[in-house]
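>
There are 2 protein chains.
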Amino acid sequence: MNEDVKDLNLSVVKAFTILDAFVGDKKEWGVRELAKKTGYNKSTTYRLLSTLESLGALQKNNEDKYLLGLKLFELGNLVSIHKSLRKLSRTPLENIAREIKETVHFGVFDKGQVLYLNKTESPQGLKVSTQIGSYQKAYCTAIGKVLLAFSSEDEITKYLKTTSLDACTENTITDAKALEVALKKIRKQQYALDMEELELGLICIAIPVFGKNNDIVASISVSGPSSRFKLENIDNYLAIIKKGAREIEESIANYN
Amino acid sequence: MNEDVKDLNLSVVKAFTILDAFVGDKKEWGVRELAKKTGYNKSTTYRLLSTLESLGALQKNNEDKYLLGLKLFELGNLVSIHKSLRKLSRTPLENIAREIKETVHFGVFDKGQVLYLNKTESPQGLKVSTQIGSYQKAYCTAIGKVLLAFSSEDEITKYLKTTSLDACTENTITDAKALEVALKKIRKQQYALDMEELELGLICIAIPVFGKNNDIVASISVSGPSSRFKLENIDNYLAIIKKGAREIEESIANYN
DNA sequence: AACATCGTTTCATTATATGAAACGATTTAC
DNA sequence: GTAAATCGTTTCATATAATGAAACGATGTT
Numbered sequence: 000m001n002e003d004v005k006d007l008n009l010s011v012v013k014a015f016t017i018l019d020a021f022v023g024d025k026k027e028w029g030v031r032e033l034a035k036k037t038g039y040n041k042s043t044t045y046r047l048l049s050t051l052e053s054l055g056a057l058q059k060n061n062e063d064k065y066l067l068g069l070k071l072f073e074l075g076n077l078v079s080i081h082k083s084l085r086k087l088s089r090t091p092l093e094n095i096a097r098e099i100k101e102t103v104h105f106g107v108f109d110k111g112q113v114l115y116l117n118k119t120e121s122p123q124g125l126k127v128s129t130q131i132g133s134y135q136k137a138y139c140t141a142i143g144k145v146l147l148a149f150s151s152e153d154e155i156t157k158y159l160k161t162t163s164l165d166a167c168t169e170n171t172i173t174d175a176k177a178l179e180v181a182l183k184k185i186r187k188q189q190y191a192l193d194m195e196e197l198e199l200g201l202i203c204i205a206i207p208v209f210g211k212n213n214d215i216v217a218s219i220s221v222s223g224p225s226s227r228f229k230l231e232n233i234d235n236y237l238a239i240i241k242k243g244a245r246e247i248e249e250s251i252a253n254y255n
Numbered sequence: 000m001n002e003d004v005k006d007l008n009l010s011v012v013k014a015f016t017i018l019d020a021f022v023g024d025k026k027e028w029g030v031r032e033l034a035k036k037t038g039y040n041k042s043t044t045y046r047l048l049s050t051l052e053s054l055g056a057l058q059k060n061n062e063d064k065y066l067l068g069l070k071l072f073e074l075g076n077l078v079s080i081h082k083s084l085r086k087l088s089r090t091p092l093e094n095i096a097r098e099i100k101e102t103v104h105f106g107v108f109d110k111g112q113v114l115y116l117n118k119t120e121s122p123q124g125l126k127v128s129t130q131i132g133s134y135q136k137a138y139c140t141a142i143g144k145v146l147l148a149f150s151s152e153d154e155i156t157k158y159l160k161t162t163s164l165d166a167c168t169e170n171t172i173t174d175a176k177a178l179e180v181a182l183k184k185i186r187k188q189q190y191a192l193d194m195e196e197l198e199l200g201l202i203c204i205a206i207p208v209f210g211k212n213n214d215i216v217a218s219i220s221v222s223g224p225s226s227r228f229k230l231e232n233i234d235n236y237l238a239i240i241k242k243g244a245r246e247i248e249e250s251i252a253n254y255n
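Listed below in structure tokens is the structure:
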């Protein structure tokens, strides 16, 4: 399991372990809370927090709790990986969102998961709560299944071998063979559905975005609550997001 | 000069000093290059880089040079400070950009500088190269002068006292008294101009965005090259960005 | 073939991160 | 209104982990 046991700088590892605590739902942390969460000594935690604060990676709110700081915002916006994809997907996604009044996602396959690069939120009250930059399971999302379906055979095999298909809902595909069949169907019909496979009440539809060599580079999905996301709308949705996908593909083709 | 000399974790400080090297124009670094840049020993630099890579804060490109990694993208997108402003400014900015085909910026005043929270790029070839999350001098930008002009008297005084008004071009306002006069004019006419004060050939116009208590919270600016950014367009530009500003102000007012 | 440069590893030395305990300041409980 | 609990912070002796000069093999250049 432990790959190259390099001699890492433990203080830096600890600092990022602390920052990782902010990835969850809890956005504000005190010293003792974080010490408990990370298992580090209270003094150690305190000094790491002070250091991260002085660097701008964290900052205190008016209750003296720590928040992620603007230094991370600055650095995060400078990450060049997938930067062109993020940029050229922006307008097409806005266009889709204007026509379909549901949440639209744009993501790529990264480290065996879906990495969300962009999104536009539904203007309606009931909406999905995802984060740009966050990861999601591939096998139980429409966007993930599309990305998987159009990957190389090797990658699919590797994915099926290394991923445990845990049930998220009663509809989750938990059998590798069944997933393979589903992927085959997705390749044939050129879109994927997620019928409450990740979360009960949540339905998604996704299509692939292809690059210059007709290899898949990303996927666009539309998500909505089952209460208003009806199967008879699928053709309509597909037409709209396919238009967006074609816009993105054109931008990719023209990208130097 | 050195405030509280707390005992910071030096390894963590070094790690972020390394990350800060990527803030400049150079986006790819090797071990020896970074060691030279930071002044750290080659071995130390190597180990810090390895650590940051294993944490996902950096990653290697196909030439084995280091790039900022997706962990920073993830964390950066989770920064909650100004998050609502970023989100609710997005659509209005897109609308402005669709009408004016120039680069539009949206920023706030932070630590005596302009912090860019959002932008939409000009579709034209010639455009400004700024970064969301990056900082810019306030006294020689339209957006900065607006933010400054509508700040409290105390803040303006503090700014003038602590900031050295270095010339960026021959048009830069380098005299505090002259800047005060300029700010007064901006308050009166409710917009600011940057006539090649930051960069020769670059002209900007900016207006304030007010919050619930009529205190300034942000500013919108339009930037373009002097070759096509003509003063007779100002009234037209102002009308369009004021519409956007009003949309944002409305969202702020309705924000719980 | 000789040289320069790259990232990487070694190992003795030093510096620094560590944590239990005590601290004063707030906040909560009674 | 007093006591108790909890908060972030500081201290200091100790041990651990970061350090850097030198040597390393690999790669690319002259």
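Those sequence lines, one after another, are chains A and B. If you're matching positions, the first sequence starts at 0 in numbering that gives the first Met the number 0 and goes up one per residue. If you're matching positions, the second sequence starts at 0 in numbering that gives the first Met the number 0 and goes up one per residue. Positions of the beta carbon are idealized from the N, C-alpha and C atoms, including for glycine.
(1) Please name the residue, chosen from B:V78, B:E154 and B:E169, that lies closest to D24 of chain A on a Cα-to-Cα basis.
(2) For K59 of chain A, does the three-state DSSP call read helix, strand or coil?
(3) Strictly below 8 Å CB to CB, what residues from chain A border K126 of chain B?
(4) Pairing CB atoms from the segment 102-112 of chain B with CB atoms from the segment 143-151 of chain B, are three or more of them under 8 Å?
(5) At a Cβ threshold of 7 Å, is M0 of chain A touching chain B?
(6) Which residues in chain A sit within 9 Å of K26 of chain B, going by Cβ to Cβ distance?
(7) Which partner residues does Q135 of chain A have in the DSSP bridge list?
(8) Bridge partners of L67 of chain A, per DSSP?
(9) Within 7 Å (strictly less), CB to CB, does R46 of chain B reach chain A?
(10) Nearest by alpha-carbon distance to A177 of chain B: which of B:C139, B:T119 and B:L237 is it?
(11) When the Cβ atoms of the segment 67-76 of chain B are set against those of the segment 176-195 of chain B, are three or more pairs found closer than 8 Å?
(12) Ordered along the chain, which non-local residues of its own chain (more than five positions away) have a Cβ less than 8 Å from that of E248 of chain B?
(13) Measuring only between beta-carbons, confirm whether S83 of chain B sits less than 7 Å from chain A.
(14) Write down the C-beta distance between C203 of chain A and D193 of chain A rounded to the nearest angstrom, noting that I regard them as a contact closer than 8 Å.
(15) I'd like to know whether the C-beta of K100 of chain A is nearer than 7 Å to at least one C-beta of chain B.
(16) For A238 of chain B, which option in B:D165, B:I95 and B:G200 has the closest C-alpha, if you only look at C-alpha atoms?
(17) Starting from D6 of chain B, find everything on chain A with Cβ-Cβ shorter than 8 Å and list it in chain order.
(18) Going by C-alpha to C-alpha distance, which of B:N170, B:Q130 and B:A181 sits closest to I155 of chain B?
(19) Express the C-alpha separation of K64 of chain B and T37 of chain A in angstroms, rounding to a whole number.
(20) What residues of chain A sit near D234 of chain B, judged by a beta carbon separation below 7 Å?
(21) With DSSP run on the structure shown, which of helix, strand or coil describes I204 of chain A?
(22) Taking only beta carbons into account, state which residues of the segment 100-115 of chain A come closer than 8 Å to chain B, listed in chain order.
(23) With H, G and I counted as helix, E and B as strand and the rest as coil, what does DSSP make of L7 of chain A?
(24) From the DSSP output, which residues share a beta bridge with F105 of chain A?
(25) Please state the DSSP three-state secondary structure of F149 of chain A.
(26) Below 8 Å CB to CB, which residues in the same chain sit around K13 of chain B once its five sequence neighbours on both sides are set aside?
(27) For F21 of chain B, which residues from the same chain have a beta carbon less than 6 Å from its beta carbon, with the 5 sequence-adjacent residues on both sides left out?
(28) Just to confirm, are Y115 of chain A and S88 of chain A a CB contact at a threshold of 7 Å?
(29) So D234 of chain B is in the alpha helix (DSSP H); what residue range does that whole segment cover?
(30) For A191 of chain A, which beta-bridge partners are listed by DSSP?
(31) Select from B:D6, B:K41 and B:K5 the residue whose C-alpha is nearest the C-alpha of I17 of chain B.
(32) Starting from the beta carbon of Q123 of chain A, find every residue of chain B whose beta carbon is closer than 7 Å, and list them in chain order.
(33) Give, in chain order, every residue of the segment 50-72 of chain B whose Cβ lies closer than 8 Å to some Cβ of chain A.
(34) Using a Cβ-Cβ cut-off of less than 9 Å, give me the residues of the segment 127-145 of chain A that come near chain B, in sequence order.
(35) Taking the CB atoms as reference points, tell me whether Q135 of chain A and N76 of chain B lie closer together than 7 Å.
(36) Is T16 of chain B helix, strand or coil by DSSP?
Reading off the structure:
(1) B:V78
(2) strand
(3) Here the premise fails: no neighbours, minimum Cβ distance about 12 Å.
(4) yes
(5) Only weak support is given to the placement of M0 of chain A: the predicted model assigns it a pLDDT of 32, under 50, and the question is left unresolved by the model.
(6) L77 and S79
(7) A:V113
(8) A:L57
(9) yes
(10) B:C139
(11) no
(12) V208, F209 and G210
(13) no
(14) 4 Å
(15) no
(16) B:I95
(17) R46
(18) B:A181
(19) 32 Å
(20) Those within 7 Å of D234 of chain B in chain A number zero; the least Cβ separation is about 27 Å.
(21) strand
(22) D109 and L114
(23) coil
(24) A:N117 and A:I219
(25) coil
(26) T37, Y39, T43 and L47
(27) L67
(28) no
(29) I233 to N253
(30) A:A205
(31) B:K41
(32) Simply none; closest approach about 15 Å.
(33) T50, L51, S53, L54, A56, Q58, L66, L67, G68, L69, K70, L71 and F72
(34) Q130, I131, G132, S133 and Y134
(35) no
(36) helix
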